[in-house]
DNA sequence: TTTTTGCATTTTGCATGCAAAAATCCGATT
DNA sequence: AATCGGATTTTTGCATGCAAAATGCAAAAA
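Protein chains in written order, with my numbering: chain Y, 555 to 775; chain W, 555 to 775.
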């Protein structure tokens, strides 16, 4: 008998989580704004039960803050929290790099290089939005290449919180150029399977990202 | 005016999460067993709405697996997943140690030493259960001493999954002795604020733990 | 005897109802 | 004009209702 892909029927609460996560990351639901259940139910065309389940899940991801007896709000953006998160992500990426050096197949690394080439192209064109998308894809791919699914889940969860900061909007030209150079080095270290070097590069890359985001936040304040 | 602790009115779903998490960690809800909503509602004396919210949250922690249209089950224990989790926790503890060296107050470190002394005492007495409790407390305290709350949350979440394995039951005498020696070294490095050494010690300590758990699992299989 | 099919029961997923808490409004009072 | 108090409305938290899906089981067919 031939393999048939099962009919997919996602639960409503999952769909709701994904939709709301996107809304929050894209800023359509602004940090600090209250989540009115009735309103969101109407917009998503679902009832309160799955919506409330979704809100609780987003709260566990840190994208939403629960206010007892007063519903929930989109988690406010805090500089300190962002720094904390990036610090943890740096450690996770360093681990991912190490594991990827040891476990990733050559094909997987080639895929990462392909993404890298695309990203460099977008940098050359000055297409910041596309650059940013490839950049994200590369980091995620490295984490996946580690072969540690738990690491991947943990990373993604933290990443959602960082995406909201939309630091890409405040990326200076110098920092952008530097980031691309760093990426080239990261890829070279991965291809050489140089664990120590890759660990250090990934760690520093994230540290620089934090510095750049912090600066942007200071300017905004 | 004197500070009064407010009358606690925790949401039912939070209470339910905590209770069920304990039940799962303690094995009263066995890995792989189905979660019958009606039954659990009766046991916890709550209705299905907060219960279902709790189940979804536990699923995001990885303690529960959702089976679409067929409810949920306690997440089965998998050797590979445990190894993955410990690998991530090792990286997080290494980071925590580094941050603790830099940020922790002397008092905080003294508190950790106090816990360590107690733990050594329990080891001397052969009181494995108490030893295990102090051991946990020390690791959590180091993570807290990092001052990075996000790191703490991430660590605790992963930790819940490890606690279920109850590797302490299969702890060999030699490994136990060795673990205590490792802890003494860890504490010394923290007190000396020797970042590099502490990182390495914590990392190795976790690696040894994984090895010991794996061995126990192999024996059980 | 084993497999398949139809039916009854149970369980789940989602919607809705209800009471309590919070927010809002609005006039009275200072 | 600002503030307070109280009633009114809104919103939340939890319970329950209902339909669809899954499960169990016995009878029919192979």
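By construction, the Cβ of each residue, glycine as well, lies at the ideal position given by its N, Cα and C atoms.
Pairwise C-alpha distance: residue j and residue i
| i | j | result |
| --- | --- | --- |
| residue 596 of chain Y | residue 601 of chain W | 25 Å |
| residue 761 of chain W | residue 609 of chain Y | 37 Å |
| residue 715 of chain W | residue 639 of chain W | 8 Å |
| residue 570 of chain W | residue 598 of chain W | 7 Å |
| residue 577 of chain W | residue 583 of chain W | 6 Å |
| residue 661 of chain Y | residue 620 of chain Y | 44 Å |
| residue 673 of chain W | residue 739 of chain W | 14 Å |
| residue 616 of chain W | residue 575 of chain Y | 19 Å |
| residue 652 of chain W | residue 703 of chain Y | 25 Å |
| residue 629 of chain Y | residue 637 of chain W | 33 Å |
| residue 580 of chain Y | residue 691 of chain Y | 17 Å |
| residue 713 of chain Y | residue 643 of chain Y | 8 Å |
| residue 622 of chain Y | residue 635 of chain Y | 22 Å |
| residue 681 of chain W | residue 655 of chain W | 30 Å |
| residue 709 of chain Y | residue 687 of chain Y | 17 Å |
| residue 755 of chain W | residue 733 of chain W | 11 Å |
Counted within 10 angstroms of its Cβ, other Cβ atoms place residue i as buried (16 or more) or exposed
| i | result |
| --- | --- |
| residue 593 of chain Y | exposed |
| residue 718 of chain W | buried |
| residue 753 of chain Y | buried |
| residue 675 of chain Y | exposed |
| residue 563 of chain W | exposed |
| residue 747 of chain Y | exposed |
| residue 641 of chain W | buried |
| residue 614 of chain Y | buried |
| residue 689 of chain W | buried |
| residue 750 of chain Y | exposed |
| residue 683 of chain W | exposed |
Cβ shell of residue i (< 7 Å), same chain only, five flanking positions each side left out
| i | result |
| --- | --- |
| residue 705 of chain Y | 646, 649, 650 and 697 |
| residue 665 of chain Y | 695 |
| residue 573 of chain Y | 598 |
Cβ neighbours of residue i in the same chain (closer than 6 Å, five flanking residues each side left out)
| i | result |
| --- | --- |
| residue 567 of chain W | 604, 607 and 608 |
| residue 555 of chain W | Since pLDDT at residue 555 of chain W reaches only 41, below the 50 mark, its modelled position is unreliable, and no value is offered. |
| residue 611 of chain W | 571 |
| residue 679 of chain W | none |
| residue 743 of chain W | 751, 752 and 755 |
Minimum Cβ-Cβ distance from residue i to chain W less than 8 Å
| i | result |
| --- | --- |
| residue 585 of chain Y | no |
| residue 737 of chain Y | no |
| residue 630 of chain Y | no |
| residue 702 of chain Y | yes |
| residue 567 of chain Y | yes |
| residue 760 of chain Y | no |
| residue 603 of chain Y | yes |
| residue 610 of chain Y | yes |
| residue 718 of chain Y | no |
| residue 645 of chain Y | yes |
| residue 694 of chain Y | no |
| residue 659 of chain Y | no |
| residue 563 of chain Y | yes |
Supposed contact pair residue j and residue i - C-beta distance, whole angstroms, cut 8 Å
| i | j | result |
| --- | --- | --- |
| residue 724 of chain W | residue 770 of chain W | 3 Å |
| residue 729 of chain W | residue 766 of chain W | 5 Å |
| residue 699 of chain Y | residue 668 of chain Y | Actually they do not touch by this definition, with Cβ atoms about 13 Å apart. |
| residue 633 of chain W | residue 587 of chain W | So it is not a contact: roughly 19 Å between Cβ atoms. |
| residue 677 of chain W | residue 685 of chain W | 5 Å |
| residue 585 of chain W | residue 631 of chain W | 5 Å |
| residue 741 of chain Y | residue 670 of chain Y | 5 Å |
Contact with chain Y by residue i, beta-carbon distance below 8 Å
| i | result |
| --- | --- |
| residue 614 of chain W | yes |
| residue 618 of chain W | no |
| residue 639 of chain W | yes |
| residue 726 of chain W | no |
| residue 607 of chain W | yes |
| residue 635 of chain W | yes |
| residue 756 of chain W | no |
| residue 642 of chain W | yes |
| residue 558 of chain W | No answer about residue 558 of chain W holds up, because its pLDDT of 47 lies below 50 and its placement is not dependable. |
| residue 763 of chain W | no |
| residue 705 of chain W | yes |
| residue 649 of chain W | yes |
| residue 555 of chain W | Confidence at residue 555 of chain W is low in this model, with a pLDDT of 41, below 50, so the placement of that residue should be treated as unreliable; the coordinate-derived value is given next. It does not: the Cβ of residue 555 of chain W has no partner Cβ on chain Y nearer than 8 Å. |
Own chain residues within Cβ distance below 8 Å of residue i, not counting five before or after
| i | result |
| --- | --- |
| residue 590 of chain W | 625 |
| residue 758 of chain W | 736 |
| residue 745 of chain W | 663 and 667 |
| residue 720 of chain Y | 581 |
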